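Residue numbering for the sequence shown is 1 to 788, as defined by full-length UniProt numbering.
Ideal Cβ placement from N, Cα and C applies to all residues, glycine included.
The structure presented is a predicted model; accordingly, all values stated were derived computationally and were not measured.
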Amino acid sequence: MFLKQVIGVRQLVEFILKRGDLGGSSQSATNPLAAQDGVVIHKRLQSKFPANSRNEVSLKYELELGGQTWIIQGRADGITYNDQDEPVKIIEIKTSTADYADLKESTLDLYFGQATLYAYFLMREYDLVQMEIELLYVSTVTEAIEKVTKTLTLAEAEILFEKVTQEFAAWVTLKQELTAAKLSSLKALKFPFSAYRQNQRELAVAVYKAIALKKRLFVEAPTGTGKTMSTLFPALKAMGEAKTQRVFYLTAKQSTRQVAVQALEILQVDIRAVVLNAKEQMIFPEEKDLEDDENPYMLGYYDRLRPALKDILEHESLMDKEVIRQYAQKYTIDPFEFSLDISLFCDLVICDYNYLFDPRVYLQRFFSSQDQGNFFLIDEAHNLVNRAREMYTATVTEKVFENLVDLLKDTTFTGLKKQLNKVISQFTSVKEPMLEYQQEELLLDEKLPSLTKSLQKFIDYMLIWLKKHQGYNHKDEIMETFFQAYTFLKISDFYDATFRTRLALQEGSCQVEVFCLNPSALLDQSLALGGGAVLFSATLSPLPYYQELLGGQENSLAYRLASPFPAENLRVLVAPNLKMTYRYRQQNLSRVVKMVGAMQASHPGNYLVFCPSFKLLDEVVQAFNQAYPTIKTLVQTSDMSSQERQEFLAAFKDQPTSSLVAFAVLGGIFAEGIDLKGRKLEGVAILTVGLPRLDLKNDALKDYFDCKGENGFLQAYQLPGLNNVFQAAGRVIRTAEDCGVVLLLDERFAQRRYYQYFPPQWQVQNFSDQQLPAILDDFWETVLQKAH
Numbered sequence: 001m002f003l004k005q006v007i008g009v010r011q012l013v014e015f016i017l018k019r020g021d022l023g024g025s026s027q028s029a030t031n032p033l034a035a036q037d038g039v040v041i042h043k044r045l046q047s048k049f050p051a052n053s054r055n056e057v058s059l060k061y062e063l064e065l066g067g068q069t070w071i072i073q074g075r076a077d078g079i080t081y082n083d084q085d086e087p088v089k090i091i092e093i094k095t096s097t098a099d100y101a102d103l104k105e106s107t108l109d110l111y112f113g114q115a116t117l118y119a120y121f122l123m124r125e126y127d128l129v130q131m132e133i134e135l136l137y138v139s140t141v142t143e144a145i146e147k148v149t150k151t152l153t154l155a156e157a158e159i160l161f162e163k164v165t166q167e168f169a170a171w172v173t174l175k176q177e178l179t180a181a182k183l184s185s186l187k188a189l190k191f192p193f194s195a196y197r198q199n200q201r202e203l204a205v206a207v208y209k210a211i212a213l214k215k216r217l218f219v220e221a222p223t224g225t226g227k228t229m230s231t232l233f234p235a236l237k238a239m240g241e242a243k244t245q246r247v248f249y250l251t252a253k254q255s256t257r258q259v260a261v262q263a264l265e266i267l268q269v270d271i272r273a274v275v276l277n278a279k280e281q282m283i284f285p286e287e288k289d290l291e292d293d294e295n296p297y298m299l300g301y302y303d304r305l306r307p308a309l310k311d312i313l314e315h316e317s318l319m320d321k322e323v324i325r326q327y328a329q330k331y332t333i334d335p336f337e338f339s340l341d342i343s344l345f346c347d348l349v350i351c352d353y354n355y356l357f358d359p360r361v362y363l364q365r366f367f368s369s370q371d372q373g374n375f376f377l378i379d380e381a382h383n384l385v386n387r388a389r390e391m392y393t394a395t396v397t398e399k400v401f402e403n404l405v406d407l408l409k410d411t412t413f414t415g416l417k418k419q420l421n422k423v424i425s426q427f428t429s430v431k432e433p434m435l436e437y438q439q440e441e442l443l444l445d446e447k448l449p450s451l452t453k454s455l456q457k458f459i460d461y462m463l464i465w466l467k468k469h470q471g472y473n474h475k476d477e478i479m480e481t482f483f484q485a486y487t488f489l490k491i492s493d494f495y496d497a498t499f500r501t502r503l504a505l506q507e508g509s510c511q512v513e514v515f516c517l518n519p520s521a522l523l524d525q526s527l528a529l530g531g532g533a534v535l536f537s538a539t540l541s542p543l544p545y546y547q548e549l550l551g552g553q554e555n556s557l558a559y560r561l562a563s564p565f566p567a568e569n570l571r572v573l574v575a576p577n578l579k580m581t582y583r584y585r586q587q588n589l590s591r592v593v594k595m596v597g598a599m600q601a602s603h604p605g606n607y608l609v610f611c612p613s614f615k616l617l618d619e620v621v622q623a624f625n626q627a628y629p630t631i632k633t634l635v636q637t638s639d640m641s642s643q644e645r646q647e648f649l650a651a652f653k654d655q656p657t658s659s660l661v662a663f664a665v666l667g668g669i670f671a672e673g674i675d676l677k678g679r680k681l682e683g684v685a686i687l688t689v690g691l692p693r694l695d696l697k698n699d700a701l702k703d704y705f706d707c708k709g710e711n712g713f714l715q716a717y718q719l720p721g722l723n724n725v726f727q728a729a730g731r732v733i734r735t736a737e738d739c740g741v742v743l744l745l746d747e748r749f750a751q752r753r754y755y756q757y758f759p760p761q762w763q764v765q766n767f768s769d770q771q772l773p774a775i776l777d778d779f780w781e782t783v784l785q786k787a788h
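This is how it looks when you write it as structure tokens:
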């Protein structure tokens, strides 16, 4: 916000003058579609301005604040001029879902405050003593227009200008003090360890250059490289040299965010950093069942926000969940919204992918327009492909609307029930051909315009209805239906040749899903909002595949590091004569069990067996327990609680005296992101090549890439499956001292179309059933002798 010596008029007015409650009257809280509607309304009103008016006029004013030259700039919706070409009236257009009569005084103060500053700039520039300011307010629901005109003198405008700029000057001084401390700290920053790991300095240099050149860099850095420190350290060094102004460290998991926090604590730099968490994790327990107008943490939020910001910024460097909640409790403000307001003042923002890439929850305060001063570090980037597809997927279901109609049947909400039934009627039209031809599922390459139009009318009606009905029954069900429809429309707005529509019938009820096959263009747009990005992971092979799907431009850079660990510490063993396609699994189940038994018998320790589904997992576990009843086993279930997950991992003891064989699902919670160092894990067995299930959506993905002249099976099935395999295999070697084995139990791993993508550091050996025990014994004898 303050890193540049430029600030927007609206931004300045809202920061200094905003007061009152959080939520309720805000446009975004009332109507998520308000901004989109507002653009249309702006253009329509501007087209009707008088001939002597000009639209979208850029205005700016320079002044000295804190010993610096600051530019306050903005864009007036309209300015009317007289015959001498002097400005006589500022026209400011504002929109929200509320009626003008329902707007709070605090909201009107912001509207007129913005227009007053524009008028002050012009009166100073043209040496005028007064001007008119006109507010054109439009309700996006009723489209009723309210026009309010005031005559403003230069003296009156100057009073507001002085108030705003003087209060802002105090914040400028605070930011200067924080910046001076930051730059001093970062210039003195040194690598926190006595020596770099193998390839670690190489990665750090590449990251620094990417930041300096404002490039996108894709990096595959094997486990043990020290990826977090190798990216965060050069980013902060670059920040200290003004090559970037703010760094976003984006992750897929909370555990990965914690690793970034630990790295920052090791670096011990005097910067302001915030860790953003989901709303449900941040708010206080007592807030959960309260309406906004009953919530003490939201009432008067903006009256207490600025003192709270000043306090936390002056006394804290790293602001995580606990720190933010401490100050939020002290000032009685909502901790989630407080965390977002804090982020504007931070040099480092650690958060989930959603805050940049998800069109429903991205940080509008940062990503409404491009800012070259922002740089993105994207950890575990292999996760971003599927996460992006999920972000651009939305479903609307007939059953939700039918259930709501049933709930409301004894109410007087006649109009609402009518709107619901109109939507249900569209579902009926959609599913009639499917019922006639007995189709349970159908794929289309276009939106359903009639259903979409019906949902839009439902949303428009609901915006008026919700305003009129405050204390109504069945609120949760009504809001669930509203937001399901809104989300579906929001995602449908992105529909193009990369999207498909899936229709499905479940017990006669229709489900409509829009989903994205190739999110690369959408990811590219998000990444372009910053001054560059480094996307890194231990498994980003093949790099061209990820470059294409993750928005890699033609001039992006790709980089693969060698593993820092001794290759001989890991033995990868492939069963070239083991058929594991669905047809042969049952007849080869006993062979699989014997191979797993041989793995644990060769060297007592902890082992993980990964299966592609819970069904196969249950079959393997049952067969293994019958064959090896004395071996302790552990089994992942489909509905494990957080406590059960922790207990599962806690069972992997270091220096075990007997074997433990655990069974988990490939691509699941224990196949990635767990760190079992030392003797906590000494081998994994991976059953099948991990292909995603055959279904309509994956086949659509295959067909999409086939039509582009690419290998659709490779893109839709083979590479996603291999990534799951690489992640699971990566659990074995976590440090330079670790040793272990990986059994790849499927003959397809011995085929070139698979092994050509294996990590270069893998030492791969084929085996027969009879050879396996001797090969394992030889490996363990060799590595144990070396260790001694």
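Query, Result
"Length of the line joining the Cα atoms of Lys587 and Thr633", "Before going further, note that residue 587 is Gln rather than Lys in the sequence given. If you take the alpha carbons of Gln587 and Thr633, they lie about 23 Å apart."
"Whole-Å CB distance - Tyr249 paired with Asp379, under 8 Å assumed", "7 Å"
"Asn577 to Ser541 span [Cα, whole Å]", "26 Å"
"Arg75 beta carbon less than 9 Å from that of Leu59", "yes"
"Distance between Leu160 and Glu56 (C-alpha atoms, nearest Å)", "23 Å"
"Under the three-state DSSP convention, the category Ile283 falls into", "coil"
"Three-way DSSP call (helix, strand, coil) for Lys786 in this model", "helix"
"Contact between the stretch 99-113 and the stretch 424-434 (3+ Cβ pairs under 8 Å)", "no"
"Same chain, Cβ closer than 7 Å to Lys182, five either side skipped, listed in chain order", "Asp270, Ile271 and Asp347"
"Beta-carbon contacts of Ile686 that lie in its chain and below 6 Å, excluding the five residues immediately before and after", "Phe610, Val725, Ala728 and Leu744"
"Inter-residue Cα distance where the pair is Thr140 and Asp460", "9 Å"
"Alpha carbon of Ser28 to alpha carbon of Arg748, nearest angstrom", "A caution first: Ser28 carries a pLDDT of 37, below 50, which makes its placement in the model too unreliable to give a value."
"Presumed contact (8 Å Cβ cut-off) between Val261 and Ile350, rounded CB distance", "7 Å"
"Coarse secondary structure for Thr251, derived from DSSP in three states", "strand"
"Test item: CB-CB of Leu466 and Arg502 under 9 Å", "no"
"Whether Leu557 touches Ala210 by CB criterion (9 Å)", "yes"
"Residues of its chain near Ser658, where Cβ-Cβ distance is below 6 Å and the 5 sequence neighbours each way are ignored", "Pro604"
"Range covered by the alpha helix (DSSP H) that runs through Arg201", "Gln200 to Ala212"
"When Lys702, Lys653 and Tyr757 are compared against Lys680, the one with the closest alpha-carbon", "Lys653"
"Assigned secondary structure, Leu540 (DSSP; H/G/I helix, E/B strand, else coil)", "coil"
"Trp762 (DSSP reduced to helix, strand or coil)", "coil"
"Opening and closing residue of the beta strand (DSSP E) in which Asp85 lies", "Where Asp85 is concerned, there is no enclosing beta strand (DSSP E), given that its DSSP letter is neither H nor E."
"Rounded C-alpha distance that separates Leu178 from Leu65", "16 Å"
"Under the three-state DSSP convention, the category Asp777 falls into", "helix"
"Sub-9 Å separation of Phe458 and Pro359 beta-carbons", "no"
"With 16 other Cβ atoms within 10 Å as the buried cut-off, status of Lys697", "buried"
"Residue-level contact to chain B via CB, Tyr584, 9 Å cutoff", "Structure shown: chain B not included; a single protein chain is present."
"Whether Thr223 touches Phe482 by CB criterion (9 Å)", "no"
"Burial state of Gln419 (16 or more Cβ within 10 Å)", "buried"
"Simplified DSSP state of Thr153, which is helix, strand or coil", "strand"
"Option in Pro760, Ala388, Gly530 and Lys453 with minimal Cα separation from Gln370", "Gly530"
"Phe536 vs Glu202 beta-carbon contact at 9 Å", "no"
"Three-state secondary structure (DSSP) of Asn588", "coil"
"Cross-strand partners of Asn555 (DSSP beta bridge)", "Asn555 pairs with nothing; no bridge assigned."
"Reference Glu337, options Ala504, Phe758, Arg500 and Val361, closest by Cα", "Val361"
"Reference Gly550; option with closest CA among Asn295, Arg389 and Ala119", "According to the sequence shown, residue 550 is Leu rather than Gly. When only C-alpha atoms are compared, the closest one is Arg389."
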